[in-house]
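Below: the structure, in structure tokens.
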Amino acid sequence: MTDTRQRSFEDNDQKPMGFGRMLRKEDPRFVRGRGRYTDDVQLPGMLHLAILRSPFAHARIVSVDTSAAAALPEVKAVITGADLAGLGLAWMPTLSGDVQAVLATDKVRFQGQEVAFVVATDRYVARDALELIDVEYDVLDPVIDVRQALAEGAPLIRDDLDGKTDNHCFDWETGDAGATAAVFAKADVVVSQDLVYPRVHPAPMETCGSVADFDPVEGRLKLWSTTQAPHAHRTLYAMVAGIPEHKIQVISPDLGGGFGNKVPIYPGYVCSIVGSIVTGKPVKWMEDRSENLISTGFARDYIMRGEIAATRDGKILAIRTNVLADHGAFNGTAAPVKYPAGFFGVFTGSYDIEAAYCSMTAVYTNKAPGGVAYACSFRITEAVYLVERIVDCLAYELDMDPAALRLKNFIQPDQFPYMSKTGWEYDSGDYEPTMRLAMELAGYDELRKEQAEKRTRGELMGIGISFFTEAVGAGPRKHMDILGLGMADGCELRVHPTGKAVVRLSVQTQGQGHETTFAQIIAEEIGIAPADIDVVHGDTDNTPFGLGTYGSRSTPVSGAAAALVARKVRDKARLIASSMLEVSVADLEWEKGSFHVKGDPGTAVTIQDIAMRAHGAGDLPEGLEGGLEAQICYNPSNLTYPHGAYICVVDVDPGTAVVKVRRFIAVDDCGTRINPMIIEGQVHGGLTDGVGMALMEMISFDEDGNCLGASLMDYLIPTALEVPDWETGFTVTPSPHHPIGAKGVGESATVGSPPAIVNAVVDALKPYGVRHADMPLTPSRVWDAMRGTAQPP
Ligand code: MCN
Ligand code: CUN
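According to UniProt numbering, the sequence shown is numbered sequentially starting from 1.
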């Protein structure tokens, strides 16, 4: 996709010694088909694992007969829930402190749940053998709808939990209910709107899988798996399986996309470990597409009521919301547990208001577990959709321009750091210039004129705005942890004698380009060319501990760690340079890549010279050890708060109700930009996600709990045909607490784009008196909205 507008703002240097546009170091491997994914791992004697899944959403298991399957000569093991129960492995903890069945023992609780597995000499036999397993089920009434789940007398899903009598999962609240009610009571205008953010799925190109290789002699487990958080997973395996942590190596090789789908620990990973222990052979498990869509981490599934209070002239006073969250059969989200979900941090948006309150009830249903996935920044996607939709509803009621309404209510630059009404400290922001730039790139005033003209001819053109603030980069560790593991990141940097370097990260790329951008961060700090810096990640034996990649935390946390570890190396290099140049440290000047005596550039010693001296035979300053390396563990003091202004232009065909996204303007502010080309790639991808969610994607279920989105024929994802040429721009408001001022960006566009698209479609339908319509805005839904025949959520 062309992007001429932004390109003109920036230099085109493809080989920067630090920040700037640079082609991705990892791409030669990928474009030549030399990526190495989990399914590429082939080990001598390796066996293959297939999982038998429940055809029912809710059923008691009466009996499981595996004898026919086990009798096949190629079958090496058939394992059921009862077998795992004997080993104490039938249940495992989830990342949010619930438990989840590895294999069902008592009941199945969603369609596609794991019931048994077969290990065989090849993938096909393993699959075929599943057909020979005879499971007798006693089918129970399924609970599919969240409200039905809370109704009196609803079937109890989690009867495995002690003392559980209903389908409540948790209740949370934040803000000040009383103060908010008082503001609502005095407000001129109160607007309320019910909204549904449907269940969707990240559907990465590569599905989930693992290869487990347990060595019974050494007692060592080597696990290749599709994980975004190798260290956290290793610790959990150690805790669950009782294998000492130092004897577990988790390797996350190249990943074909993660999008949060690869954060949880799935039963399949545990099954492959058990399979390897039982057979004494390496065992591979790899999902197919349907298994991925049916059983792994979904996203969203929130029913929200948004309420907004304002003055007649458009000053927003308060926001209140109630959320019903469908968490499926097990609470398998990843959540920084001591902290409320990202939803709580930003549901008040980018606006300076007097009061806010949110209450949230999560429930169990007979649907697959998950919830935190698909570039959600821990549920910020839902929060941004809520606030940006109700602000538009307010604009509709006040008959006010939605851009003007937002501009009137922004938090002002001098209010940062801004303490939100729910106690989150927005680190920095300057919203108006971002909004103005988006309006300028869009030609906002002309678009409104064009729209007015078209309306006189009965043509349906819509202009939608969304302005978002995100909170990304979890920790700090004292507030945020996953199952007690504090959210901080290690980083290690070694400069070799010849001046080449290796940096080891605790985060793990799924396509975001870390091998490039982390080399650029080190290059910026110590002046070694990115090409000379190897980035190692995704292998617990070869990287320092850290919590992994999700919630766009790599740049805010590990990126900060990389900058600081490089500064530590530079500090040591300075000491060595002072002895090499025989001057005091105070007399040295750093110019990217070398030190020289102040005022005398001719005396420069390069970082390469220094590296050789650090490892060489010559003298080092008194008391200094040899070598040039450092290690740190970075604990962020706060999240980073990127923001952005998005404007979408759609045309709706009045005859067919088909929505065409004609233009999309995205202005992002992620603070200091490390690699603008990679940022654009992240934004383009996220905007495409947004078109998918707003117009096409939904995982739905029939009343029996059958998943109706189990293939990419039924679960529609966008292609190049459905998306316009993206028009991007940027502003830069650095983060004050991040060593290089960078904020996260990996999820911004997925978070920010759906409300812009929905706002645009609703705006197009204004002549029909439409104030809201729920995603996905398929032609039939748009048609219903136009006719006033839409069903309430
Ligand atoms: N970057 C930059 N300058 C900044 C911020 C980021 O150059 N100021 C660069 C980073 O260095 C990195 C990339 O942009 O190369 C994304 O950085 P960041 O925002 O820190 O996000 P993460 O690297 O932590 O990636 C996670 C985020 C999440 S949570 C999801 S979900 C998602 C996303 O990234 N999954 C992706 N983008 C994805 N992109 C691809 N190709 N594949 C996925 O699975
Ligand atoms: Cu919520 S998806 Mo990303 O944080 O891995």
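We put the CB at the ideal spot given by N, CA and C, even for glycine.
C-beta atoms of residue i and residue j nearer than 8 Å
i	j	result
residue 543	residue 506	yes
residue 350	residue 431	yes
residue 482	residue 614	no
residue 357	residue 180	yes
residue 473	residue 640	yes
residue 56	residue 368	no
residue 652	residue 661	no
residue 238	residue 223	no
residue 398	residue 195	no
residue 364	residue 158	yes
residue 377	residue 342	yes
residue 304	residue 382	yes
residue 813	residue 642	Since the first and last residues shown for the chain are 1 and 793, residue 813 lies out of range.
residue 47	residue 279	yes
Same chain, Cβ closer than 8 Å to residue i, five either side skipped, listed in chain order
i	result
residue 629	492, 493, 494, 495, 569
residue 574	585, 588, 590, 595
residue 155	58, 140, 141, 142, 143
residue 332	94, 95, 96, 98, 100, 264, 297, 369, 370, 371
residue 312	188, 189, 398
residue 511	255, 256, 257, 258
Sheet register partners of residue i (DSSP bridge)
i	result
residue 124	Answer by DSSP bridge pairing: none, since residue 124 is not bridged.
residue 23	The partner list for residue 23 (beta bridge, DSSP) is empty, contrary to what the question assumes.
residue 109	Note: residue 109 sits in no beta bridge, so no partner.
residue 37	254
residue 80	116
residue 469	643
residue 783	For residue 783, which the question treats as bridged, DSSP gives no partner whatsoever.
residue 93	99
Heavy atom of the ligand CUN within 7 Å of residue i beta-carbon
i	result
residue 513	no
residue 648	no
residue 747	yes
residue 228	yes
residue 473	no
residue 266	no
residue 102	no
residue 56	no
residue 96	no
residue 732	no
residue 259	yes
beta-carbon residue i near the ligand MCN non-hydrogen atom, thresh 7 Å
i	result
residue 556	yes
residue 508	no
residue 683	no
residue 232	no
residue 606	no
residue 634	no
residue 25	no
residue 380	no
residue 517	yes
residue 426	no
residue 549	yes
residue 343	no
residue 73	no
Residues of its chain near residue i, where Cβ-Cβ distance is below 6 Å and the 5 sequence neighbours each way are ignored
i	result
residue 327	169, 362, 371
residue 227	233, 252, 262
residue 698	198, 776
residue 442	647, 665
residue 787	none
residue 761	462, 650, 659, 777
residue 85	105
Contact set for residue i: own chain, Cβ-Cβ below 7 Å, skip 5 residues either direction
i	result
residue 779	656, 657, 658
residue 344	174, 358, 422
residue 1	For residue 1, the predicted structure reports a pLDDT of 38, less than 50, and the residue's modelled location is therefore unreliable. A value from the coordinates is still provided. The answer, listed in chain order, is 684, 725, 726.
Inter-stretch contact (C-beta, 8 Å, three-pair minimum) for the region 79-90 and the region 468-485:
No contact exists between the region 79-90 and the region 468-485.
How about the region 711-721 and the region 510-526: do they share at least three Cβ pairs that are nearer than 8 Å?
no
Would you check if there are 3 or more beta carbon pairs closer than 8 Å linking the region 203-214 to the region 38-47?
yes
Counting beta carbon pairs with one atom in the region 661-668 and one in the region 173-189, are three or more of them shorter than 8 Å?
No, the region 173-189 is not in contact with the region 661-668.
Between the region 183-191 and the region 292-309, do at least 3 Cβ pairs fall closer than 8 Å?
yes
Could you check whether the region 533-548 touches the region 463-473, counting it as contact only if at least three pairs of C-beta atoms, one from each stretch, sit closer than 8 Å?
no
When you compare the region 119-139 with the region 62-78, are there three or more beta-carbon pairs, one atom per stretch, that lie closer than 8 Å?
Touching, yes.
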